[in-house]
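Novice:
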Amino acid sequence: MMIKKISLLAALSVTAFSGWAQDSGSDSLVVTANRFQQPVNTVLAPTDVVTREQIDKWQSKTVLDVLRRLPGVDISQNGGMGQLASVYVRGTDSRHALILMDGVPVSRPNLSNDSNLYQIPISLIQRIEFIRGPRSAVYGSGAIGGVINIITQSDDEVSRIDAGVGSKGYQEYSGTLRQRFGDTVVTAMGAYQTTHGFNVQPGSTWNHDNDRDGYRNKTFFGSLQHHFSENVDGFFRGYGYANNADYDVGSPPFSPAYSADENQYDNQSWDTGLRYNADIYSSQLIASFQKLKSYNYSSLYGRYQDGTTLDRMEQRYIQWGNNLIVGHGSVSAGVDWKQEKLTSVTQADTDRYKRDTTGIYLTGQQQVLESVTLEASGREDHDEQFGWHGTWQTAAGWEFVDGYRATLSYGTGFLAPGLTQQFGSPQYGIASNPDLQPEKSRQWEAGIEGVTGPLDWRLSTWRYKINNLISYNNDAYYNVKSATIKGVEWTGNLTTGPVSHALTLQYIDPRDDETHQRLQRRARQQVKYNLSGEVSDFGWDVTYQYIGEREDTNFNTFPSEKVKLGSVSLWDVAVSYPVTSHLTVRGKIANLFDKDYETAYGYQTAGREYNLSGSYTF
34 MMIKKISLLA
44 ALSVTAFSGW
54 AQDSGSDSLV
64 VTANRFQQPV
74 NTVLAPTDVV
84 TREQIDKWQS
94 KTVLDVLRRL
104 PGVDISQNGG
114 MGQLASVYVR
124 GTDSRHALIL
134 MDGVPVSRPN
144 LSNDSNLYQI
154 PISLIQRIEF
164 IRGPRSAVYG
174 SGAIGGVINI
184 ITQSDDEVSR
194 IDAGVGSKGY
204 QEYSGTLRQR
214 FGDTVVTAMG
224 AYQTTHGFNV
234 QPGSTWNHDN
244 DRDGYRNKTF
254 FGSLQHHFSE
264 NVDGFFRGYG
274 YANNADYDVG
284 SPPFSPAYSA
294 DENQYDNQSW
304 DTGLRYNADI
314 YSSQLIASFQ
324 KLKSYNYSSL
334 YGRYQDGTTL
344 DRMEQRYIQW
354 GNNLIVGHGS
364 VSAGVDWKQE
374 KLTSVTQADT
384 DRYKRDTTGI
394 YLTGQQQVLE
404 SVTLEASGRE
414 DHDEQFGWHG
424 TWQTAAGWEF
434 VDGYRATLSY
444 GTGFLAPGLT
454 QQFGSPQYGI
464 ASNPDLQPEK
474 SRQWEAGIEG
484 VTGPLDWRLS
494 TWRYKINNLI
504 SYNNDAYYNV
514 KSATIKGVEW
524 TGNLTTGPVS
534 HALTLQYIDP
544 RDDETHQRLQ
554 RRARQQVKYN
564 LSGEVSDFGW
574 DVTYQYIGER
584 EDTNFNTFPS
594 EKVKLGSVSL
604 WDVAVSYPVT
614 SHLTVRGKIA
624 NLFDKDYETA
634 YGYQTAGREY
644 NLSGSYTF
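Listed below in structure tokens is the structure:
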């Protein structure tokens, strides 16, 4: 666990920023914590890495299924695949988790000011890096609870074909071709995923909702990586995906304008970058363009009738970063610029919004003495509406005994209001609020970690204070309240012979400071246990998750009333077998005991599901 000088310098000598975040074939290096590549054991914040190999082992069909297995994550979803979902990191709201794709922030077109994480296809993902705790001092707005960096690029030059079928009409097909031509690597990928789904809201009082709510996705990805010289390389990549999801209204609509039950979501992203690396200095320039369209319309009346809405978001992003090895560590500095343009359209109105944000940051890490590591970051963001906003964080790690380290950190964070929250939207009956201010947070965290025999473990405790929380009241968004979130988390990894164990124990207490009530849809207790191994090439994986009681609201009564969602224990079982050196077959049973539960009140979950798949590499 000790931050060895030689290992740190070796890692920093091949510094790579998040735009080149790739599956290097090792879990030991990460790029998300401070925008430069470093050994994972030098990161003072709790960090988890999920590789493509693990995703295949778990046989996950969605990003949410991957994330629910990680420490500190709680998920609520209004039904099955493609349905609205929230990802709570350490009890913070879904909008408080910053979602990156290859180091670039994912756009936030929603009224709730979060990213459509549930719409990202699993076929795109080669690696996920997950940092718990505030990172606004590095990334700016949105990183209050943590950062989830979804990486699409891979160094693996193996091509593969995948196919799978399962319960509820589930089908998936994908193909990836990677080819090297001298100093250039070309990657092309296509995927298709569909399910008939199930009736996500069986309690709906509208007969039209008594149908299956299915989901369909088409994904395309292409990239070029070129090595220009010993010191310079670059990339160009683009991907796009189109989703169609059915959902329920919940009650008979008052008019066709309120009968939307279909969503079509289209996303296109284009990224390019250049990197220079020589000895102790590295520099990188990345440019990105994202474009998305989200249609909501009624299956009864069609896309071009009353009730149809269209949100178009364009996001432009430029990042220039630099890293310099100094002493027994490094210093990074850079600047980034982001422009967001949102156009919301109905049959009667068109609303247009724009926001430019510029940020400058400085972060550094240094080993002092033989056993102490210090880390500090600072950032200033300029918003054309809010002016300058500063954030900072600092952390210290002390290896008090060989193999055991104590950490202490303090950080601030903020989240700027969403475009619709700030400027309003007549089509949704939302008034503008020019006095709306960003949400602000302060967080303390203390931890201890170590290696005890074959057990690698970490114990963390934290306290968040979030002010200026944004809520909707009558016809506008206001800064109305604050919240305090306290929690404790223990994670452990153990290998006993051919069997690997991973265990997470978590308790959180998220409360509204004004009412002292617990924040909704966040489980107070969670237990996550993963057991995996291999016998005579036969691979197996067992996952257990206990989700404690949660509070929610029943909006089907007037006035609405508070309800409790009961606890539940879930088991997943997966197996795999390599038929040949190229062909592997896999099978999975999710929710083995067919537990009936809800993560959002009134919305059914899938029940027991079966899945059979195979992959062929060449």
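Each residue of the sequence shown is one higher than the one before, starting from 34 at the first, in this note's numbering.
The C-beta atom is built at its ideal place from N, Cα and C for all residues, glycine as well.
Does DSSP put R101 in a helix, a strand or coil?
Specialist: In the sequence shown, the residue the question calls residue 101 occupies position 68. Under the three-state reduction of DSSP, R101 is assigned to coil, being neither helix nor strand.
Novice: Let me know if H422 comes out buried or exposed under the rule of 16 or more other beta-carbons within 10 Å of its beta-carbon.
Specialist: Taking the first residue of the sequence shown as 1, we reach residue 422 at position 389. So H422 ends up on the buried side.
Novice: Using 8 Å for Cβ pairs, my map puts L77 next to A428. What's the rounded Cβ distance?
Specialist: Position 44 of the sequence shown holds residue 77. Position 395 of the sequence shown holds residue 428. Contact annotation, L77 with A428: C-beta distance approximately 4 Å; criterion of less than 8 Å satisfied.
Novice: With a cut-off of 8 Å on the beta carbons, I'd call G179 and I161 a contact; round off their distance for me.
Specialist: Numbered from 1 along the sequence shown, position 146 holds the residue referred to as residue 179. Numbered from 1 along the sequence shown, position 128 holds the residue referred to as residue 161. Actually they do not touch by this definition, with Cβ atoms about 12 Å apart.
Novice: Do you know how far the Cα of T185 is from the Cα of G215?
Specialist: Numbered from its first residue, the sequence shown carries residue 215 at position 182. Numbered from its first residue, the sequence shown carries residue 185 at position 152. Approximately 22 Å between the Cα atoms of the pair.
Novice: So, for L325: in the same chain, excluding its five sequence neighbours on each side, which residues have a beta-carbon less than 6 Å away from its beta-carbon?
Specialist: Residue numbering aside, residue 325 sits at position 292 when the sequence shown is read from its first letter. Taken in chain order, the residues that qualify are N300, M346.
Novice: Does the distance from the CB of Y497 to the CB of S474 come in under 8 Å?
Specialist: The residue labelled residue 497 in the question sits at position 464 within the sequence shown. The residue labelled residue 474 in the question sits at position 441 within the sequence shown. Going by C-beta atoms, Y497 is nearer than 8 Å to S474.
Novice: If you draw a straight line from the alpha carbon of D369 to that of Y350, how long is it in whole angstroms?
Specialist: In the sequence shown, residue 369 corresponds to position 336, counting from 1. In the sequence shown, residue 350 corresponds to position 317, counting from 1. Distance between the alpha carbons of D369 and Y350 is about 7 Å.
Novice: Among K90, G124, S119, V99, which residue has its Cα nearest to the Cα of R557?
Specialist: For the purposes of this step, residue 557 is identified with residue 524 of the sequence shown, where counting begins at 1. Among K90, G124, S119, V99, the Cα nearest to that of R557 is on G124.
Novice: From which residue to which residue does the beta strand (DSSP E) around T537 run?
Specialist: Counting from 1 along the sequence shown, the entry for residue 537 is found at position 504. Unbroken beta strand (DSSP E) run through T537: 532-545.
Novice: For a quick check, are the C-beta atoms of F268 and M222 less than 8 Å apart?
Specialist: As a position in the sequence shown, residue 268 is number 235, starting the count at 1. As a position in the sequence shown, residue 222 is number 189, starting the count at 1. Not in contact: F268 and M222 (Cβ atoms no closer than 8 Å).
Novice: Does the pairing of the region 370-389 with the region 398-406 give three or more beta-carbon distances under 8 Å?
Specialist: no
Novice: DSSP three-state call for S646: helix, strand or coil?
Specialist: As a working note, residue 646 is residue 613 in the sequence shown. Correct three-state label for S646: strand.
Novice: Hey, how far is the Cα of F591 from the Cα of L100?
Specialist: Indexing the sequence shown from 1 puts residue 591 at position 558. Indexing the sequence shown from 1 puts residue 100 at position 67. The alpha-carbon atoms of F591 and L100 are separated by roughly 35 Å.
Novice: Could you name each continuous beta strand (DSSP E) segment of 3 residues or more that falls completely within the region 271-319, going from the start of the chain to the end?
Specialist: 295-311
Novice: What's the gap between the Cα of D147 and the Cα of S614?
Specialist: Reading the sequence shown from its first residue, position 114 is the one you call residue 147. Reading the sequence shown from its first residue, position 581 is the one you call residue 614. Approximately 42 Å, taken between the alpha carbons.
Novice: Would you report the Cα separation of L603 and Y577, rounded to the nearest angstrom?
Specialist: The residue given as residue 603 occupies position 570 in the sequence shown. The residue given as residue 577 occupies position 544 in the sequence shown. Taking the straight line joining both Cα atoms gives about 6 Å.
Novice: Under the assumption that T424 contacts T396 (Cβ atoms under 8 Å), give the Cβ distance between them as a whole number of angstroms.
Specialist: To locate residue 424, count along the sequence shown from 1; it is residue 391. To locate residue 396, count along the sequence shown from 1; it is residue 363. Rounded to the nearest angstrom, the Cβ distance from T424 to T396 is 12 Å, too far for a contact under 8 Å.
Novice: Pull up the DSSP beta-bridge partners for K94, would you.
Specialist: Stepping through the sequence shown from its first residue, residue 94 is reached at position 61. DSSP output for K94 lists no bridge partner at all.
Novice: What residues in its chain sit with their C-beta under 7 Å from that of R213, if we drop five residues either side in the sequence?
Specialist: In the sequence shown, counting from the first residue as 1, residue 213 sits at position 180. E190, listed in sequence order.
Novice: Using only the alpha-carbon positions, how far apart do A320 and G136 sit?
Specialist: Here residue 320 is taken as the residue at index 287 of the sequence shown, counted from 1. Here residue 136 is taken as the residue at index 103 of the sequence shown, counted from 1. If I take the Cα positions, the gap works out to 11 Å.
Novice: Out of G525, N526, E582, which one is the CA nearest neighbour of Q553?
Specialist: Position 520 of the sequence shown, counted from the start, is the residue given in the question as residue 553. Considering only alpha carbons, the answer is E582.
Novice: Tell me whether Y634 sits in a helix, a strand or coil according to DSSP, three-state version.
Specialist: The residue you call residue 634 lines up with position 601 of the sequence shown. Note: Y634 maps to coil in three-state DSSP.
Novice: From this set, E86, M114, F588, which residue's C-alpha is nearest E642's C-alpha?
Specialist: Within the sequence shown, numbered from 1, the residue matching residue 642 stands at position 609. Among E86, M114, F588, the Cα nearest to that of E642 belongs to M114.
Novice: Select from M134, G392, A409 the residue whose C-alpha is nearest the C-alpha of S302.
Specialist: For the purposes of this step, residue 302 is taken as residue 269 along the sequence shown, with counting starting at 1. Between S302 and the set M134, G392, A409, the nearest pair of CA atoms involves M134.
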